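Data block below; observations after.
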Amino acid sequence: MKPVFTLIVLLIALISCNNNNTSKNIVTQVNKQDSIVVKNFFNTALTNGQSYQWLDYLSNEIGGRLSGSPESATAILWGEQLMRDLNFDKVWLQDVMVPHWFRGEKEEASFTFNNTKYDVAICALGGSIATPTEGITAEVIEVQSLEEVESLGEKLRGKIVFFNRPFDDTNIQTFKAYGGCVDQRYAGAMTCGKFGAIAAIVRSITSSIDDYPHTGAMSYGDIAENEKVPTAAISTKAANLLSEKLKEDPTLEFYFKQSCSTLPDEPSYNVIGELTGSEFSDKIITVGGHLDSWDLGDGSHDDGAGIVQSMEVLRLFMLNGIKPKHTIRCVLFINEENGLRGGKKYADEAKAKNENHIAALESDSGGFTPRGFTFDTSNENANLFLSWKPLLAPYGLNEIEEGHGGADIGPLKSETISLFGYKPDSQRYFDYHHAATDTFDKVNKRELELGAASMASLVYLLDTYLN
Ligand SMILES: [Zn+2]
């Protein structure tokens, strides 16, 4: 910097000193008010929260609620009634047609090695076709990837393809490890049917070595009917055992039977409630999770937690006497797990009605200890969100960073909206994800409540500073 220029800069700095002090005071005051509100959210969530009691009911009285099931219909009525009881300004149901797949009888599977029969734990993947009633018995080819299937080609004819690429435990963010395996589950069956394989079994996507198979969505894409093969997840323990025995006897035969089927689409609903904005009622901030869950457990973490936290956000505003400037809308999306029809319908209708969504927040990563938020937005807004770090850090919300918003709010993406994902600790999530172990006893009351207060704090800051 040249000396003369430096002098001018110094003079300007001195002259504007007073002004700077004034604006600094305003900033300090605003932050002080913000920190009081945030503290109050946490105080009320932790001492007078309702999210845990609601989750107890949803999980233990209603249970697993796959789209199209009677339980999903009960959960919709429960959510609607709860929002009415909470006196939200508006509550309504939004029509959505959803797929209706159901599991049927409990699956069975076994293999024989050295004259010893080993029963193994499997579950049909969501969307799969059934096996013939007598089941399928065939030799197994173990593979690590979809690419390996393509390279084996015709060698797969008449065989059961066993996808066994494990969860990468070196990933600290377990969602990355999940992302690294999920192609096997989603596209395994689609990929091997064309080579004459007769079934696909897939290692459960978890780092936990146990005997609980983890279900999840699969797709046949647009392959021909005669190329569709049944597909199931196998527990990690059984996958390890099968892999070990296959090394000793590559000709051993695997047997499994499942009776799942797909019925015609069913009418269903997103449940929506809102607090109408006092200044900008036409500008909407949406907070939500998905009301449907897989059927093996009761869907407490995925995504009962997100549902009760989202409703609690609006309740915390009301309880603390905070009237939002923008409309704050709580959405319990239906059918995230096996179709995303709820998220798509919500975005379609928002577009058709020309609604102006300025932000959306989704909680769909479990009800664990808060770590932060991921955001997907324009650069200009990114700096604003990052400036909230010091305010949120004392609550353990240290990770405010760019990333994925959420599956259900994804279809809302546009140039103008900011999408957020609530980010709790991820280390235990995939122990339970889509398995029979995703149950209410795995949720810690305090962690769940901290999450609701974290989300309310973010929504408050968005309401205060975003236009
Ligand atoms: Zn989920």
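Residues 0 to 466 in numbering that gives the first Met the number 0 are what the sequence shown spells out, letter by letter. Don't be surprised by glycine CBs; every beta carbon is placed ideally from N, CA and C. Since the model is a prediction, treat every value here as computed from it, not as a measurement.
Item	Value
Spatial distance of Glu153 from Tyr428 (CA atoms)	38 Å
By C-beta, the residues closer than 5 Å to any heavy atom of ligand 1, given in chain order	Asp301, Asp302, Asp363
Residue range of the alpha helix (DSSP H) that includes Lys343	340 to 351
Reduced DSSP category for Thr5 - H, G, I as helix; E, B as strand; rest coil	The predicted model places Thr5 with a pLDDT of 39, which falls under 50 and marks its position as unreliable; any figure quoted below should be read in that light. Correct three-state label for Thr5: helix.
Nearest candidate by alpha-carbon position, reference Glu273, set Gln257, Lys89, Val286	Lys89
Contact set for Leu155: own chain, Cβ-Cβ below 8 Å, skip 5 residues either direction	Ile140, Val148, Cys191, Phe194, Gly195, Ala196
Cβ distance (whole Å) where Gly491 is taken to contact Val97 below 8 Å	Because the chain in this structure spans residues 0 to 466, residue 491 falls outside the shown range and cannot be described.
Three-pair Cβ contact test at 8 Å for the region 214 to 233 versus the region 107 to 127	yes
Cutoff 6 Å; reference Tyr51; Cβ partners in own chain excluding five residues on either side	Lys444, Leu447
Short Cβ contact (8 Å threshold) for His289 with Glu348	no
Separation of Thr130 from Ser242, as counted between CA atoms	22 Å
Distance between Val142 and Asn163 (C-alpha atoms, nearest Å)	6 Å
Proximity to Phe253 [Cα-Cα], best of Leu81, Tyr421, Ile135, Ser377	Ile135
Delimiting residues of the beta strand (DSSP E) encompassing Asn269	260 to 274
Ile35, DSSP secondary structure in three states	helix
Residue(s) in a DSSP beta bridge with Phe112	Thr115
Test item: CB-CB of Ile399 and Ile357 under 8 Å	no
Cβ pair count under 8 Å reaching 3, the region 307 to 323 against the region 447 to 456	yes
Own chain, CB closer than 6 Å to Val62, minus 5 neighbours either side, in chain order	Before going on, a small fix: residue 62 reads as Gly here, not Val. Here the set comprises Glu70, Asp297.
Sequence-distant residues of its chain with Cβ nearer than 6 Å to Gly341 (five each side left out)	Val95, Asn269, Phe332, Ile333, Asn334
Inter-residue spacing [alpha-carbon to alpha-carbon] between Gly48 and Asn355	31 Å
Cβ neighbour criterion (16 or more within 10 Å) applied to Ser362	buried
Extent of the continuous alpha helix (DSSP H) run through Thr285	Counting along the chain, Thr285 falls outside any alpha helix (DSSP H), though it belongs to the beta strand (DSSP E) covering 279 to 289.
C-beta atoms of Trp387 and Leu460 nearer than 8 Å	yes
Among Ala74, Lys31, Ala123, nearest to Lys256 - alpha-carbon criterion	Ala123
DSSP-derived helix/strand/coil call for Met189	helix
Ranges of the beta strand (DSSP E) found wholly within the region 308 to 341, counting only runs of at least 3	325 to 332
One or two residues paired with Leu418 in a DSSP bridge	Ala359, Asp375
Minimum C-alpha distance to Lys38 - residue among Asp302, Phe374, Leu391, Glu106	Leu391
When Thr438, Ser425, Leu465, Asp462 are compared against Lys175, the one with the closest alpha-carbon	Ser425
Through-space distance from Asp430 to Thr436, alpha-carbon basis	8 Å
Counted within 10 angstroms of its Cβ, other Cβ atoms place Ala223 as buried (16 or more) or exposed	exposed
Delimiting residues of the alpha helix (DSSP H) encompassing Asp84	69 to 84
Top-ranked residue by Cα proximity to Cys180, from Ser206, Ala198, Lys158	Ser206
Distance CB(Met217)-CB(Ala188) smaller than 8 Å	yes
Cβ-based burial, Pro323 [other Cβ within 10 Å; buried from 16]	buried
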